[in-house]
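In the working numbering, the protein residues as written are 727 to 1362. Every residue gets a Cβ at the ideal spot worked out from N, C-alpha and C, and that includes glycine. Taking it in order: structure first as structure tokens, then the write-up.
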């Protein structure tokens, strides 16, 4: 039967851009005359029939019922459920077509294929195959298979699909060695190998050391095998015997994922480099280390991670410690080791030697956490606070740069925090039964709230220099009243008594002064003595300076040693246990507000006997008549 001769109807034929019907007819004859199909008369008849009906625009005649009768000589009462011959032979036909185009038909101009689910023939020009081949030309694959015949067959199939096989190993040890030498894009790894190292162990080491992913080869897909390979973060697995379509699909997905990860890694490296430059410009040093040996004392058991997240210029632990002055080094070692042992925060002050041999005070802030792989990581920042030889303007400039950095990064910190909070709420809504889950969810929620508070305070602290101070007549009783209203819930909860005198008028910004009062009162409420209701007194004192007002906020709380009176105003400086709520920034904001108004703030206290915070503000001076006249002339 010649192609197209048996049908004379005039139904519309399928559109085939870049391909004519004559090309398809010639292509079918080439396929049927090939060695691949010459010994398969039934498949040849199947292919010819499918192509013919497709070209004639008769997909209705490509149903299983009709195919079974016309092609496979079944009876008219054929039932596909009892006899799946059409589906089985269609699967064989697709495999034979792939085999033909990989061998005898590599240079044919037309591609003919059948998709799963129907029997309509598809036609495509050869340039599409060339495009697909080009997309895989640069992908380099290492085969690890201890059965040489299987490895050879796999190599042939990969080359026919357009991949570059760079080497073949029969043991896990050889695979690790070749991966180090050849650095392939992907490793195809048999799970069961000869030698001491299993396929999963070799894949895990290759991924850890060189970030090269693996696709596993296995004859089984049961739960035990899947659980074993899951530990290695596989990019997929392929069942034996190999199906070319499935293998090609798995490899393309795996290589596509690797490409996205590489692009993300390069983006992270660029971000890390940019962050490093910003930190350097702000006079801040980022430190980030991985603990490789928990039995060794810091810094001996720590190293820089392969891809630092904070800065590509992070110092080694030894270099970090070498900058610390000799008398402070034991305390620094002890602080880092304590944080590593307890997975806790790092908060310490110490002296550092600068490049010009000057000695400055430094503050290190960070934390220790355990990664998904189980190893401990340390990450944080070091801020050089001041130098004995630095001028006040240099110190202020460095702090302003650091504040700008904080303002830029707090937004990025808040976004993942919102996500964590949402997930914690979702977990809580599931009503877990065991007490441990309830406790962990509560801890997550508590940590999120503390971090939110910290970010909020950081942002407020950083934005103060950007916010202009309004120098206008302000009755201090109004911002005090606003602060008390904002804290009403805390005052009621703690049973506090607040006594207020009538306060004077000052020259200042009412919103900033509200924040100043609110932070000082909130501080007194937090650090009250257990079992004793807080008593807070607010008023003004006489002063010899007629241009300023002297105010105070006094409480009966825990108090602190007098030698710590200066340090309470430093950022992140907390004199009490971490169980007490707070971020250690509130009093720093108070100091900044007072200084921006041209005043100052200080504290007096005795441990166990309360504290008194005093601050000065410029007194309101009504403009003289001459000043008012000048103002009128300017406005006119």
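Which residue comes first and which comes last in the beta strand (DSSP E) that contains residue i?
i: residue 1295; result: No beta strand (DSSP E) contains residue 1295, which DSSP labels as neither H nor E.
i: residue 902; result: Where residue 902 is concerned, there is no enclosing beta strand (DSSP E), although the alpha helix (DSSP H) it sits in stretches over 898-908.
i: residue 942; result: 940-944
i: residue 1311; result: Premise fails: residue 1311 is in no beta strand (DSSP E) and is neither H nor E.
i: residue 1257; result: Looking at the DSSP string, residue 1257 is not in any beta strand (DSSP E), and its letter there is neither H nor E.
i: residue 848; result: 847-851
i: residue 1223; result: 1223-1226
i: residue 838; result: 836-840
i: residue 1276; result: 1274-1281
i: residue 965; result: 963-965
Of all the options the options, which has the alpha carbon lying nearest to the alpha carbon of residue i?
i: residue 1364; options: 916, 850 and 837; result: Here the chain has residues from 727 to 1362 only, and residue 1364 is not among them.
i: residue 1086; options: 928, 1073 and 1109; result: 1109
i: residue 922; options: 912, 907 and 901; result: 901
i: residue 1266; options: 1339, 1022, 752 and 1258; result: 1339
i: residue 1096; options: 1168, 1016 and 1047; result: 1016
i: residue 746; options: 837, 986, 975 and 1104; result: 837
i: residue 1287; options: 1331, 1327, 1049 and 1320; result: 1331
i: residue 1025; options: 1012, 1011 and 1045; result: 1045
i: residue 831; options: 755, 793 and 869; result: 755
i: residue 1345; options: 1285, 1333, 1272 and 1320; result: 1272
i: residue 1256; options: 972, 825, 1221 and 975; result: 1221
i: residue 867; options: 841, 894 and 847; result: 894
i: residue 937; options: 966, 974 and 983; result: 983
i: residue 1049; options: 1011, 1027 and 1023; result: 1011
i: residue 1078; options: 1088, 1070 and 1069; result: 1088
i: residue 1215; options: 1251, 1199, 1329 and 827; result: 1251
i: residue 1328; options: 1313, 1336, 1322 and 1335; result: 1313
i: residue 918; options: 814, 1021 and 942; result: 942
i: residue 681; options: 1268, 1263 and 1277; result: Since the displayed the chain opens at 727 and closes at 1362, residue 681 lies outside it and no answer follows.
i: residue 1211; options: 1224, 977, 1200 and 965; result: 1224
i: residue 1268; options: 803, 840 and 1230; result: 1230
i: residue 824; options: 940, 757 and 779; result: 757
i: residue 1234; options: 1202, 924, 1028 and 896; result: 1202
i: residue 842; options: 1070, 835, 790 and 889; result: 790
i: residue 1347; options: 770, 965, 1274 and 1316; result: 1274
i: residue 1092; options: 1102, 773, 1070 and 1080; result: 1070
i: residue 1295; options: 760, 1319 and 870; result: 1319
i: residue 1226; options: 1219, 1236 and 1243; result: 1243
i: residue 968; options: 933, 786, 1324 and 879; result: 879
i: residue 779; options: 912, 751 and 1236; result: 751
Per DSSP, which one or two residues make a beta bridge with residue i?
i: residue 1327; result: 1341
i: residue 1028; result: 1017
i: residue 1233; result: 1199
i: residue 829; result: According to DSSP, which records beta bridges pairwise, residue 829 is partnered with nothing at all.
i: residue 1217; result: According to DSSP, residue 1217 bridges with nothing at all.
i: residue 1092; result: 1072 and 1106
i: residue 868; result: 893 and 913
i: residue 1078; result: 1050 and 1086
i: residue 1264; result: 1226 and 1279
i: residue 975; result: None, per the DSSP bridge assignment.
i: residue 1012; result: 1107
i: residue 920; result: 897
Would you kindly report the start and end of the unbroken alpha helix (DSSP H) that includes residue i?
i: residue 775; result: 767-781
i: residue 1250; result: 1236-1252
i: residue 1068; result: 1055-1068
i: residue 885; result: 874-886
i: residue 745; result: Neither: residue 745 is in no alpha helix (DSSP H) and is coded neither H nor E.
i: residue 793; result: 790-796
i: residue 763; result: 761-764
i: residue 934; result: 925-936
### Query
Contact between the stretch 820-831 and the stretch 793-808: three or more CB pairs below 8 angstroms?
Here the stretch 820-831 makes no contact with the stretch 793-808; the two share fewer than three CB pairs at distances below 8 angstroms.
### Message
For the pair the stretch 1245-1261 and the stretch 1274-1282, tell me if three or more CB-CB distances fall below 8 angstroms.
### Response
Yes, the stretch 1245-1261 touches the stretch 1274-1282.
### Message
Across the stretch 1066-1076 and the stretch 1042-1058, are there enough close Cβ pairs to call them in contact, namely three or more that are closer than 8 angstroms?
### Response
Using a Cβ-Cβ distance cut-off of 8 angstroms, the stretch 1066-1076 and the stretch 1042-1058 are in contact, since at least three pairs of beta carbons, one from each stretch, lie closer than that value.
### Query
Quick one: any contact between the stretch 879-893 and the stretch 928-939, if contact means 3 or more CB pairs under 8 angstroms?
Taking one beta carbon from each stretch, the stretch 879-893 and the stretch 928-939 have fewer than 3 pairs nearer than 8 angstroms; the two do not touch.
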